[in-house]
Structure formats: structure tokens, C-alpha cells
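Residue 237 in UniProt numbering sits at position 213 of the sequence shown; the count goes up by one each step and never skips. By construction, the Cβ of each residue, glycine as well, lies at the ideal position given by its N, Cα and C atoms.
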Amino acid sequence: TVLVVDFGAQYAQLIARRVREARVYSEIVPHTMPVQEMIAKQPKAIILSGGPSSVYADDAPSIDSSLFDSGIATFGICYGFQAMTVALGGRVARTGLSEFGRTHIDIANPGALLHGVDTGSSVWMSHNDSVTQAPPGFDVLATSGATPVAAFEDTDRGLAGVQWHPEVLHTEYGQVVLEHFLFDIAGIRPTWTMVNIVDDAVETVRAQVGDKQVICALSGGVDSSVAAALVQRAIGDRLTCVFVDHGLLRAGEAEQVERDFVAATGVDLHVVHAEDRFLNALKGVDDPEEKRKIIGREFIRVFEDAAREIVAKAGAEGGEVEFLVQGTLYPDVVESGGGEGAANIKSHHNVGGLPDDLQFTLVEPLRWLFKDEVRAVGEQLGIPADIVWRHPFPGPGLAIRIIGSVDHERLEILRKADAIARAEVTDAGLDRDVWQFPVVLLADVRSVGVQGDGRTYGHPIVLRPVSSEDAMTADWSRLPYELLERISTRITNEVPEVNRVTLDITSKPPGTIEWE
Ligand code: XMP
Numbered sequence: 025t026v027l028v029v030d031f032g033a034q035y036a037q038l039i040a041r042r043v044r045e046a047r048v049y050s051e052i053v054p055h056t057m058p059v060q061e062m063i064a065k066q067p068k069a070i071i072l073s074g075g076p077s078s079v080y081a082d083d084a085p086s087i088d089s090s091l092f093d094s095g096i097a098t099f100g101i102c103y104g105f106q107a108m109t110v111a112l113g114g115r116v117a118r119t120g121l122s123e124f125g126r127t128h129i130d131i132a133n134p135g136a137l138l139h140g141v142d143t144g145s146s147v148w149m150s151h152n153d154s155v156t157q158a159p160p161g162f163d164v165l166a167t168s169g170a171t172p173v174a175a176f177e178d179t180d181r182g183l184a185g186v187q188w189h190p191e192v193l194h195t196e197y198g199q200v201v202l203e204h205f206l207f208d209i210a211g212i213r214p215t216w217t218m219v220n221i222v223d224d225a226v227e228t229v230r231a232q233v234g235d236k237q238v239i240c241a242l243s244g245g246v247d248s249s250v251a252a253a254l255v256q257r258a259i260g261d262r263l264t265c266v267f268v269d270h271g272l273l274r275a276g277e278a279e280q281v282e283r284d285f286v287a288a289t290g291v292d293l294h295v296v297h298a299e300d301r302f303l304n305a306l307k308g309v310d311d312p313e314e315k316r317k318i319i320g321r322e323f324i325r326v327f328e329d330a331a332r333e334i335v336a337k338a339g340a341e342g343g344e345v346e347f348l349v350q351g352t353l354y355p356d357v358v359e360s361g362g363g364e365g366a367a368n369i370k371s372h373h374n375v376g377g378l379p380d381d382l383q384f385t386l387v388e389p390l391r392w393l394f395k396d397e398v399r400a401v402g403e404q405l406g407i408p409a410d411i412v413w414r415h416p417f418p419g420p421g422l423a424i425r426i427i428g429s430v431d432h433e434r435l436e437i438l439r440k441a442d443a444i445a446r447a448e449v450t451d452a453g454l455d456r457d458v459w460q461f462p463v464v465l466l467a468d469v470r471s472v473g474v475q476g477d478g479r480t481y482g483h484p485i486v487l488r489p490v491s492s493e494d495a496m497t498a499d500w501s502r503l504p505y506e507l508l509e510r511i512s513t514r515i516t517n518e519v520p521e522v523n524r525v526t527l528d529i530t531s532k533p534p535g536t537i538e539w540e
């Protein structure tokens, strides 16, 4: 393990991901963790991240210099580089010269860290203070316009640092420098491969679950599918998955789960067809929050009934169901402030509120993985690409993409339009360029059109393709006009109730990704 010590910058997650891209396992820990605790984790190396403070600010987080006597290789980045300098007896000063964004470095002496890096190559900087004197025993490797010491190393002690951000894409040789630290200075070998990830996760699940039974709510999304497939790999038919078809899915999705996912993984699937129940409960409701509440409530009831049946059946056969699979990912764990310990369930997650008489312990096989790793694990486990590369889809499904009340007929109209948009984006090879592509039916709006020789009075469809990294912010996707034209022509030709197709060109904020 490599520990990435988070000094409060948004870069810690990125550093951890880059370390894993180098095929070395990494975890993020807060800078408030005592050094003895870090050492007790027996990391192969420690990386001190950037942070927003000045090392001379009153509340500046520092690093206990006993870390550097522990013999653990340590790499400082930006603020971490400066904190390391101060702790080891070098000097950091406010020179009056700041650097933000692209900067060029001069390499005087490449050493092990900058071996093969071009002098003059560009790096991403973000700092006011600068290291003006390296600590005793360190070689200065590079400078930049505003920074007398931009990189240093002491290979005897396995210590090194850079003022710039090697983890960001704009830094040329960023990954190279990080790997020089990991492989050449810290002497780590790259063993964190997909096969290992899967094997480790399988072992962990087996150890946690023992000979008990496990239940899982499958939504058809990437996270729950990969989590279920991993647990199935670990404990086979002691896993039972429940798939609630609430009738609000897109065309072909329920079939994909029932047929393709089961065929690929061998998961024991318990399907509950509950379209009528959900549509009855939603009848006449057009308020978005009301819709969400109804769907959440019905979902829990249906899942609860199914879970009770499975628990009773297992009991009759002499087994016990004690565990519930949850597809929590590492960013959720980091963002909720907990590396370990208490389980964290996303508030909008489908199975958040199980009643007290159905107590399960959570199994979270993905809680150490980033989304791209989850997808890679999914591929490794043989889950169909259609599922592994699926765009995020909200739990309440198409109900929050019909503006107005929801009924079977309206769902069918939206399903047809959505299927056309999806097929065209896939044909254009643009699936992975688009984060998500909601197609929205304005069910209570009608406008006049003309088709053939007749007047029409139909509904508009809104196309809402967006690009994003985390769904917190988003921009509208600049899809090619030819593609938009094909989608528009096909929808108006093939879906008789629709006579107008519009494009949503709002970013988030101010718009959300979904319309409700
Ligand atoms: P908004 O519309 O808030 O959506 O920009 C951000 C992301 O969250 C998804 N979303 C949901 N996912 N249950 C979910 O599981 C929900 O109730 C829900 N509402 C929005 C949305 O699709 C987007 O990816």
C-alpha cells in the first residue's frame, strides 16, 4: 500500500488514482492521522499531497518529522513538498513570486526522480510560497522561474519532492515522475493488476461472509452489477439477487438484466414484476419530489417482501441471511470522511431505509475502488459491455423524465424516443464521450405541427446529453449536428405522438442533469 496523505486539496483522489494507474495499490488518509498510525499500516511509501494553506499560516497542517526517521519512502507534492522541507530543516519563503498554471522547469541534475524528463517541459503549478533552500542531504534537481528549488531528492533515505502537480494531465512526464518515485526510489513493484483486484475482493468477501447467505438488490447499473458479480464469484449460490422491475426502465433494460447478466455471471436472480403496483401508486402525481418519495417507498416495500421470502426460505433450509450487498465506491467513502469503520449508504440509494426487523450487515466489495476500476473489474468478470459501460441512470427511472404524471402510454412514448437516441449515439461511436443522455418527454405540453398533409398536435421531446466527471457539475455535450438531425428525424417519424425535438443547452449549474 501507498498512503496518500490528504492535506485538504482536491488532488488527493487524483494522486491515489495515478498511483493505481501505475499498478500500485493506494489509499487516502487524512493529515490528522497520527504518524504512528500511518507507520502501523506498514505502507511501502507515503505521498504528501498538495493543500490550500501556506506552511506559515497559523493553522497550517504540518507533518510530524518522526515520519522521516521511519525509513518509509516519502514523496512530497506542492504543499506536501513544502511541509517536508520545513520538517527536515530546509527553508520555505514567500518570495513575492507566485506561479499558477502552466510553468516550465529547468533541470540542472535529473537524479533518479527526473531521469529522462526534458528540461523546459511544462508542469502545472499552484503556489505562493517557494522552497528557497533544500534540507541538508538533499540534491536540488530542478528550478523554475519563480522557484529556486522546484524538485529535490535524497535517494539514500528514499525521500523526494516536487513543487508542481505530477498528478494532473497538463503536466508533461507527470506519470513518469510519479513512477520514478514509486519504482526507482521507493523500490515498489507494480502488482496491483485487475486479476489481483478481483482475487483480493473475492477473498475479502469470503472472509467476511463465512458460510452465511447474502442478498443483493440489483438495479442493472454498473455498480450493483459488478458488486453482485464479485460476491457471486466469492460465494456462488449463497448469493440471491433481487431485481425489482418497477416498469420505469428504458427499453430492453429489464431483459438485459434478466437474460444477459444472469447468463454472464450465473447469479441466482429473483425478479419481481411490479409495474402495476408502481403505476397505481404514481397515478395522477406530477410533483417531482412526490414521485421520488412514492417510488422510494414502494421500492423498499417490494424489496422487503422479497427479502423476507428469501430469508424464510434460507431459514427453512438451515441457512441464515445476514448480509446485504451494497455498491458503495471509494469516492463515496472518502467524501463521507471515513476510510474505515461505519458503513455509509448514499441517501438517495435505493435500499437505504430497511426496517429494523430486517437487519443486515453490509458487504461492500467496491468500497476501495474508483469507477474506472469498477468498470475494469466488470470486464474482468465477463459482465456484458452494455452493462459495464452503461451511463448512470437514476433510481426513479423514466418517472422523473416524464414532465407531468406518469402512465403506461407516456412511458411507451418516452421509451421509443429514448431507444432511438441511444441507438444513434452508439452508432456514432460517441457513448463514451457522453456522460449521460437523458431524453425527456414534456407530457403536458402540446404544440402544432404539420406532417404529410395534416396538422398535428403532439408532444415535444427534449434531448439532454451532458459531459461531466462526477455529475456535480456538467456541461451540455456538443454533439455533431448530423447526429442530432438523425435523432430528430427518426423520433418524429417513428413516434407518432411526438412532433417536435428540442436540445437542452443548459450547463449544471444552473440546470440539473435530470429535469426533475
Ligand atoms: P441531477 O439531476 O441532480 O443528477 O444533476 C445528478 C446525477 O444523479 C442522478 N440522479 C439520481 N440517481 N436516484 C439516483 O440513483 C435519484 O433519485 C437520482 N436523481 C438524480 C442523475 O441521473 C445524475 O447522474
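Cβ-Cβ distance between residue i and residue j below 7 angstroms
i      : j      : result
Ala331 : Val291 : no
Ile239 : Val345 : yes
Met62  : Gly185 : no
Pro420 : Arg316 : yes
Lys440 : Val519 : yes
Ser154 : Thr119 : yes
Leu121 : Ile131 : no
Ala298 : Val266 : no
Ala210 : Ala46  : no
Pro67  : Leu27  : yes
Arg274 : Gln237 : no
Val48  : Leu206 : yes
Val226 : Ala258 : yes
Assigned exposure category for residue i - 16 Cβ within 10 Å defines buried
i           : result
Gly362      : Note on Gly362: pLDDT 48, under 50, position unreliable in the model; the coordinate value appears next. By the 10 Å Cβ count, Gly362 comes out exposed.
Asp223      : exposed
residue 548 : Look at the range of the chain in this structure, 25 to 540, and you will see that residue 548 is not part of it.
Leu390      : buried
Gln60       : exposed
Arg283      : exposed
Gln256      : buried
Phe31       : buried
Asn374      : Note on Asn374: pLDDT 44, under 50, position unreliable in the model; the coordinate value appears next. Per the 10 Å Cβ criterion, buried.
Ile319      : buried
Ala231      : exposed
Arg488      : buried
Ser249      : buried
Pro418      : buried
Ala445      : buried
Val525      : buried
Met496      : exposed
Asp178      : buried
Gly245      : buried
Residue interval of the alpha helix (DSSP H) (run including residue i)
i           : result
residue 542 : There is no way to answer for residue 542, as the model of the chain reaches only from 25 to 540.
Ile221      : 218 to 233
Met108      : 103 to 111
Ala64       : 59 to 64
Gly140      : Where Gly140 is concerned, there is no enclosing alpha helix (DSSP H), given that its DSSP letter is neither H nor E.
Opening and closing residue of the beta strand (DSSP E) in which residue i lies
i      : result
Glu177 : 171 to 178
Asp163 : 163 to 168
Arg115 : 115 to 117
Thr156 : 154 to 157
Asp130 : 123 to 131
Proximity test, residue i beta-carbon vs ligand 1 heavy atom, cut-off 6 angstroms
i          : result
Thr516     : no
Ile529     : no
Ile537     : yes
Gly211     : no
Gln342     : Looking at the sequence itself, residue 342 is Gly, so the reference to Gln does not match. No, the Cβ of Gly342 stays beyond 6 angstroms of every heavy atom of ligand 1.
Pro489     : no
Pro418     : yes
residue 20 : Only positions 25 to 540 of the chain appear in the structure, and residue 20 is not among them; the question remains open.
Ala495     : yes
Cutoff 7 angstroms: residue i Cβ touching any chain C Cβ
i      : result
Val164 : The structure shown contains no chain C; it holds only a single protein chain.
Quiz item: Where in the stretch 245 to 299 do unbroken runs of the alpha helix (DSSP H), each at least 4 residues long, occur, reported from the N-terminal end onward?
Solution: 246 to 259, 286 to 289
- Message: Quick check on the DSSP output: what are the complete alpha helix (DSSP H) runs of length 4 or more inside the stretch 378 to 436, in order along the chain?
- Response: 395 to 404, 409 to 412
message = Threshold first: 3 residues or longer. Then list the beta strand (DSSP E) segments lying entirely within the stretch 452 to 485, N to C.
response = 463 to 466, 471 to 475
Exercise. Run through the stretch 490 to 536 for me and flag every whole alpha helix (DSSP H) of 4 or more residues, listed as ranges in chain order.
Key: 505 to 518
Q.
Suppose only complete runs of 4+ residues qualify. What are the alpha helix (DSSP H) ranges in the stretch 315 to 367, listed by chain order?
A. 354 to 359
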